[in-house]
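Asks: In this note's numbering, each residue's number is its place in the sequence shown (first place is 1) plus 68.
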Amino acid sequence: MRNGSNRNPWSRRTAAAGGAALSALVLGQLALTGPVAAVPGLSIKTTTGPSNSVAKSQSATCPAGTKVIGGGGAITGSGLGQVGMDIMRPLIGGDAYSVTGREDENGVAGNWAVTASAVCATPPAGLVTVSGSSTPSFGTSNWFEKSCPTGKHAIGVGGAVVGASNSEVVLEDLRINQNSVVVAGAEDGTGFSGTWWLDATAICADPLPGEQRVINDSVYSSASIQSVTATCPPGTRVHGVGGEILGGDGQVRLTEMRATTSTVVTVRAMEDEDGFGSNWKVRAYAVCAN
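1. Have a look at the DSSP bridge pairing and note the partners of Asn245.
2. List the whole-angstrom C-beta distance separating Thr364 from Gly262, where the pair is believed to meet the contact cut-off of C-beta under 8 Å.
3. Please name the residue, chosen from Gly308, Ser185, Gly253 and Ile283, that lies closest to Val296 on a Cα-to-Cα basis.
4. Opposite Lys349 in the DSSP bridges: which residues?
5. Hey, how far is the Cα of Asn174 from the Cα of Gln280?
6. Between the beta-carbon of Gly141 and the beta-carbon of Val122, is there less than 8 Å?
7. Count the C-beta pairs between the stretch 121 to 140 and the stretch 182 to 192 that are closer than 8 Å, then say yes if the count reaches three, no if not.
8. Whole angstroms are fine: how far does the CA of Arg157 sit from the CA of Pro302?
9. On the criterion of 16 or more Cβ atoms from any shown chain inside 10 Å, does Asn347 qualify as buried, or is it exposed?
10. Measure from the alpha carbon of Asp241 to the alpha carbon of each residue in Leu110, Ala337 and Cys272, then state which is nearest.
11. Straight-line CA distance for Ser110 to Val306?
12. Measure the Cβ-Cβ separation of Val196 and Val225 and say whether it is below 8 Å.
13. State buried or exposed for Gly152, treating a residue as buried only when at least 16 other CB atoms are found within 10 Å of its CB.
14. Identify which residue in Ala357, Asn245 and Thr299 has its Cα closest to the Cα of Thr329.
15. Roughly how many whole angstroms lie between the Cα atoms of Gly253 and Gln246?
16. Give the list of continuous beta strand (DSSP E) stretches no shorter than 3 residues that lie fully inside the stretch 223 to 286.
17. So which of Arg326, Thr323, Gly308 and Gly316 has the shortest CA-CA distance to Asn358?
18. Is it the case that the Cβ atoms of Ile143 and Val198 are separated by a distance below 8 Å?
19. Excluding the five sequence neighbours on either side, which residues of its own chain have a C-beta within less than 8 Å of the C-beta of Gly178, listed in chain order?
20. Nearest CA to the CA of Phe344: which residue from Gly315, Ser235 and Thr208?
21. I need the DSSP call for Leu322, collapsed to helix, strand or coil.
Written out as structure tokens, the structure reads:
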């Protein structure tokens, strides 16, 4: 069943605490429940697929005895602003995180590859994955929020834009709030005549030991490529990954959103082949814990 969605497409831009003013901000350490102990078995598994010019998916699989608690991916190669990571989410069963890349309707002459990255751990207390979908949209943009069960925190996010056969609808946002995730999309610069919707997946668990959310923004500018990192405080490591484009209006695509080290989340985006005259920026989310 599809859950309802708020049809005000841009209200999400001011929903995050502090809005555009956020920069290298650690959003207060959360009160803990249960014993304070490090999450065991934490690792980051990364895999890159073939380089060619066709739509493709790549999955990073967690070691035996561990499950996906977060994840992301990257696109490398040619035509990056024309290739969308349209699907980024954990697979059913929670053993792997999958990323799908697709070219826009104009296609790309060169080759490109998909990298998938999974944050894996021995299942923390209360681990559960919940999913939902927005209502079909004829609008140029839409967003959808999926909440965790009561008392649980969102530690990982997955999302997808559904309805177009290629990357004519851009997956712009995979935001991790404390108790929910928000996924947003927008039609590209040429628009899309069909209906489309958003799928959102929240990876939830009981509050993690030493849990903090770190959010960092690039600066608003009209640069064709922008990137930003969110770094976990000393003594903590990345458990969850999120990213967001602000002000891109469907003409900017995420090219990277993943944990690039055990303590750093990197988010990168690039304008499409026609460029984009307005200012925009990217935001990185890191869920950090012991």
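Positions of the beta carbon are idealized from the N, C-alpha and C atoms, including for glycine.
Replies: By the coordinates alone:
1. According to DSSP, which records beta bridges pairwise, Asn245 is partnered with nothing at all.
2. Outside the shown range of the chain, which is 69 to 358, sits residue 364, and nothing can be said about it.
3. If we check each option's Cα against that of Val296, Ile283 comes out closest.
4. The partner list for Lys349 (beta bridge, DSSP) reads Leu314.
5. Taking the straight line joining both Cα atoms gives about 42 Å.
6. Taking 8 Å as the cut-off, the beta carbon of Gly141 is found no closer than this to the beta carbon of Val122.
7. Here the stretch 121 to 140 makes contact with the stretch 182 to 192; the two share three or more CB pairs at distances below 8 Å.
8. If I take the Cα positions, the gap works out to 28 Å.
9. By the 10 Å Cβ count, Asn347 comes out exposed.
10. Taking only the C-alpha atoms, the option nearest Asp241 is Ala337.
11. Ser is not the amino acid found at residue 110; the sequence shown has Leu there. Between the C-alpha atoms of Leu110 and Val306 there is a straight-line separation of about 9 Å.
12. Taking 8 Å as the cut-off, the Cβ atoms of Val196 and Val225 do not count as close.
13. By the neighbour-count rule (16 or more Cβ atoms within 10 Å), Gly152 is buried.
14. Of the listed residues, the one whose Cα sits closest to Thr329 is Thr299.
15. Between the alpha carbons of Gly253 and Gln246 lies a gap of roughly 21 Å.
16. Within the stretch 223 to 286, the complete beta strand (DSSP E) segments of 3 residues or longer fall at 237 to 244, 248 to 255, 265 to 273 and 280 to 285, listed in chain order.
17. Asn358 has its Cα closest to that of Gly308, out of Arg326, Thr323, Gly308 and Gly316.
18. Not in contact: Ile143 and Val198 (Cβ atoms no closer than 8 Å).
19. By the criterion of a C-beta distance shorter than 8 Å, Gly178 is surrounded in its chain by Ser121, Gly145, Ser146 and Gly147, once the five residues flanking it on both sides are discounted.
20. With respect to the C-alpha of Phe344, the residue from Gly315, Ser235 and Thr208 having the closest C-alpha is Gly315.
21. DSSP places Leu322 in strand when its eight states are reduced to three.
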